[in-house]
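Residue numbers (this note's numbering): 300 to 401. Each residue gets a CB set at the ideal place from its N, CA and C atoms; glycine is no exception. Treat the numbers as computed from the prediction; the structure is a model and nothing was measured. Heads up: the structure comes next, in structure tokens.
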Amino acid sequence: RRSLGTAAQIKALAEDIGLTRLWLVGNKVRDEAETAFLMSETPGIPVLGLLPADMGVQEADRLGIPVYDHVPVLRKAAEGIAMALDSQLSTNKAAQPQGGDQ
Numbered sequence: 300r301r302s303l304g305t306a307a308q309i310k311a312l313a314e315d316i317g318l319t320r321l322w323l324v325g326n327k328v329r330d331e332a333e334t335a336f337l338m339s340e341t342p343g344i345p346v347l348g349l350l351p352a353d354m355g356v357q358e359a360d361r362l363g364i365p366v367y368d369h370v371p372v373l374r375k376a377a378e379g380i381a382m383a384l385d386s387q388l389s390t391n392k393a394a395q396p397q398g399g400d401q
């Protein structure tokens, strides 16, 4: 809940300075109930994707190796988020007038 409250504050601050392209990424999502909560309670900011909670993150940290290489489910989720962001940026760029870099 607090993170969504923070997202709402960031959205308001971004709007104050004219930033209109905002997206959320859910982090350490444990189950479908958390997924449903995040999707239903977003403060009007589209969700790009979700990074699942995974004990492999702590293991990678202990081993001193990159999480990206050690936890395939996170790598797959991160790649999906990157593709979703790329798609959003491409769509928004095509819809923006020249010089519109918000």
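Is Arg-301 near the ligand FAD - that is, is its Cβ less than 7 Å away from at least one heavy atom of it?
The ligand FAD is absent from the structure shown, which contains no ligand whatsoever.
Would you grab the beta carbon distance between Leu-321 and Ala-313 for me? Rounded to a whole angstrom, and I think it's under 8 Å.
6 Å
Beta-bridge pairing of Pro-351 - partner residues as DSSP gives them
Val-328
Considering only the beta carbon of each residue, do Thr-334 and Leu-303 sit closer than 8 Å?
no
Quick check on the burial criterion: 16 or more other C-beta atoms within 10 angstroms. Buried or exposed for Leu-350?
buried
Which residues DSSP lists as bridging Leu-323, in chain order:
Val-346
Is Ala-381 close to chain C? Criterion is C-beta to C-beta, closer than 8 Å.
No chain C appears in the structure shown, which is made up of a single protein chain.
What is the C-beta distance between Leu-347 and Ala-383, in whole angstroms, given that I count them as a contact (C-beta under 8 Å)?
5 Å
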